[in-house]
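Using my numbering, read the sequence shown as starting at 29 and increasing by one per residue.
These notes are about the structure you will find just below.
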Amino acid sequence: MGTLALLGAWLLLQLLSRHGRNMGSQLAAALRRPVLIGFGVSLYASWIIHQLNKDLRLGLLVQAEVNRISTTLVIASITWAVMNVGQTVLMSASMKRWIQIKDQQDESMLINVLSRLYTISVLLIATAALMVNFGVPSGAIATMLGGAGIGFSFATQQISQNFLSGFMLFFNRPFREGDWINANNLEGTVEKIGWYYTRIRTFDRRPLYIPNSVFAINPIENPGEMYNRRIFANIGLRYEDLSKIGNITQEVRTYLEQHPDIDQNQSIVVSFNEWDSSSINMMVYCFTKTTIWKDWLEIQQAIFLEIAGIVQRSGADFAFNCTTLYPAPNANADTLIKSLNQGKPAS
């Protein structure tokens with residue numbers, strides 16, 4: 029009867045694989061080996077052992093042990109079949125349509141997450157069923173699994189933290205593969221987001237493997253998500269140009285407000301803002317429309333060169349660090365020079 033049931037299952041799976049729809053044929057292919065091989069081995073192994081005990085009267089195993097072995101083989105076959113069916117459903121086109129994620133990388137990562145969680149769940153259930161089959165009390169199983177889970181969590185705390193951080197990276201999505209990020213002074217382009225670590229490529233083209241726990245406890249800067257790039261500079265002019273700095277700031281501000289690459293919806297600030305030790309400083313603050321680093325550098329260079337031209341056309345000049353000494357009215361020049369050379373104050 030068992031052989032006839034296996035033959036019937038084989039015929040049914042053959043019909044489904046050939047004439048069924050896409051999902052039906054895929055499920056038939058996933059069930060073929062677990063049903064035919066798994067249940068076939070379970071059936072005939074149990075029958076052979078039973079015959080050896082009954083007909084030959086060898087007394088190798090008692091009937092309870094024979095039943096336990098048979099049940100173990102059945103549980104293994106069912107586990108195999110359930111895992112194959114689950115993986116087939118997760119990888120199917122119907123599943124992809126159901127989750128409705130346009131980004132292929134996000135879609136692949138979500139399916140991978142679900143696949144691993146499904147596999148772990150099936151294996152845990154199968155392990156519990158096998159323990160019950162071998163006569164372990166359910167209370168003892170729960171206690172043992174709980175204690176093992178606590179011990180395992182302490183032993184693999186760092187691994188668990190990295191795994192859970194990788195899990196959260198997918199759902200929070202602070203960055204994606206291809207983004208330029210900076211976290212804890214670790215900067216580069218993301219190449220792969222894994223379960224335990226994330227691989228980035230630094231700007232000197234070296235691979236850098238970062239444990240995912242780093243992203244859980246440190247701020248993450250993602251310049252790829254910027255709306256603008258900022259131009260910010262403090263430009264020092266000479267104290268002799270104090271009377272000219274008002275016109276210079278006004279002309280620079282007008283230039284920036286008419287610049288096609290500057291975002292006029294953002295703040296544009298050009299102001300005399302600081303009395304420095306060797307200069308009077310003019311602050312330039314604005315934002316470019318582009319977020320591409322190379323284009324931003326070119327725009328910033330053109331703006332700086334135009335500011336230099338405005339300063340020079342106004343008759344002003346840029347300051348540099350210097351110290352001016354004013355001799356006392358009655359001081360002798362030779363005495364002053366001699367005192368300076370000796371590092372003593374002049375009298």
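Just so you know, even glycine gets a beta-carbon here, dropped at the ideal spot from N, CA and C.
Note that this is a predicted model, so its numbers are computed, not measured.
Assuming residue i and residue j make a contact with CB atoms under 8 Å, what is their CB distance in whole Å?
| i | j | result |
| --- | --- | --- |
| I276 | I338 | 6 Å |
| L265 | M310 | 6 Å |
| M119 | V150 | No, M119 and V150 are not in contact; Cβ-Cβ is about 16 Å, not under 8 Å. |
Output the distance between the C-alpha atoms of residue i and residue j, rounded to the nearest integer angstrom.
| i | j | result |
| --- | --- | --- |
| S143 | R60 | 20 Å |
| V63 | Y146 | 20 Å |
| I320 | I106 | 55 Å |
| G222 | G194 | 7 Å |
| E285 | Y313 | 12 Å |
| Q189 | N240 | 8 Å |
| S375 | R258 | Residue placement at S375 is poorly supported in this model, since its pLDDT is 45, which falls under 50; the coordinates still yield a value, given next. If you take the alpha carbons of S375 and R258, they lie about 53 Å apart. |
| G206 | S136 | 15 Å |
| I139 | S122 | 12 Å |
| I97 | Y225 | 42 Å |
| I245 | N212 | 9 Å |
| E268 | A344 | 8 Å |
| N301 | F346 | 16 Å |
Note the first and the last residue of the continuous beta strand (DSSP E) segment covering residue i.
| i | result |
| --- | --- |
| A227 | A quick correction: the sequence has Arg, not Ala, at residue 227. From DSSP, the beta strand (DSSP E) with R227 extends over 225-229. |
| T316 | 308-316 |
| S264 | First, the amino acid is wrong: residue 264 is Gly here, not Ser. Run containing G264: 257-265, per the beta strand (DSSP E) assignment. |
| I209 | 208-211 |
When burial is assigned at 16 or more other CB atoms within 10 Å of the CB, is residue i buried or exposed?
| i | result |
| --- | --- |
| N200 | exposed |
| M29 | exposed |
| V297 | exposed |
| I148 | exposed |
| Q328 | buried |
| T230 | exposed |
| I308 | buried |
| W377 | As shown, the chain starts at 29 and ends at 375. That puts residue 377 outside it, with no answer to give. |
| R324 | According to the sequence as given, residue 324 is Trp; it is not Arg. When all chains shown are included, W324 counts as buried. |
Over what stretch of residues does the alpha helix (DSSP H) that includes residue i continue unbroken?
| i | result |
| --- | --- |
| P280 | Per the sequence shown, residue 280 should be read as Val rather than Pro. Unbroken alpha helix (DSSP H) run through V280: 273-285. |
| I338 | 321-341 |
Report the partner residues of residue i according to the DSSP bridge assignment.
| i | result |
| --- | --- |
| Y237 | R227 |
| V298 | V312 |
| K124 | K124 pairs with nothing; no bridge assigned. |
| I248 | A211 |
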